[in-house]
Structure formats: C-alpha cells, structure tokens
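Visitor: Mapping the sequence shown onto the numbering used here, position 21 (from 1) lands on 42, and the numbers just tick up by one. Let me give you the structure first, and then I'll get to my questions.
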Amino acid sequence: MSSLLNVSESTFLALHGMVILAKAAPDKVRVKTIALELKASEAHLAKVFQKLSKAGLVRSLRG
C-alpha cells in the first residue's frame, strides 16, 4: 500500500478495483481476476465490491 496517503486496505482495493473495471469496460471482469492483479484476498475483495454494488458504484452479476 502506498505511504503517500494513509487509506484503509478496503479503500485501496475499492479504488484500484474500479480503475481495473474502467479500463476493461465494457467487458465484465471477475472478482477473482481483480484479486489476482491486486494480490489481494478474493473474499475480502468480494465484500468490498458488494458494498460498492449496494452503493450503486458498480454493477454485479452472480456467477
């Protein structure tokens, strides 16, 4: 994590995950793929993206 800004790991994952989604648009990207790229826990990233989805910041599909 960057020492320039003191942000939580969840915030870091949310921001970087959304950047990855934006770069891949309009294609779909699996949480597993993003987790591998960010070297993060897939379970933690899934929880982060669940919150982003509930906030209307990303759309998610089951599967």
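Note that beta-carbon positions come from the ideal geometry of N, C-alpha and C, so glycine has one too.
1. Can you check whether the CB of A61 is closer than 8 Å to the CB of L42?
2. Note the first and the last residue of the continuous alpha helix (DSSP H) segment covering S62.
3. Can you grab the Cα-Cα spacing for the pair K49 / E58, in whole Å?
4. Taking all protein chains shown into account, decide if V52 is buried (16 or more other Cβ within 10 angstroms of its Cβ) or exposed.
5. Determine the extent of the alpha helix (DSSP H) in which G38 is found, giving its start and end residues.
6. Mind checking whether S74 and R83 have CB atoms under 8 Å apart?
Guide: Considering the structure as presented:
1. What you label residue 42 is simply residue 21 of the sequence shown in a count that begins at 1. What you label residue 61 is simply residue 40 of the sequence shown in a count that begins at 1. Inclusion of L42 and A61 in the CB contact set at 8 Å is not warranted, their separation being larger than that value.
2. Locating residue 62 in the sequence shown gives position 41, where the first residue counts as 1. Per DSSP, S62 is not a residue of any alpha helix (DSSP H), being assigned neither H nor E.
3. One-based indexing of the sequence shown puts residue 49 at position 28. One-based indexing of the sequence shown puts residue 58 at position 37. Going by the C-alpha atoms only, they are around 15 Å apart.
4. The sequence position of residue 52 within the sequence shown is 31, counting from 1. Classification of V52: buried, given that the 10 Å Cβ count is 16 or more.
5. Working through the sequence shown from its first residue, we reach residue 38 at position 17. Segment E30 to A45, the alpha helix (DSSP H) holding G38.
6. In the sequence shown, counting from the first residue as 1, residue 74 sits at position 53. In the sequence shown, counting from the first residue as 1, residue 83 sits at position 62. 8 Å or more divides the Cβ of S74 from the Cβ of R83.
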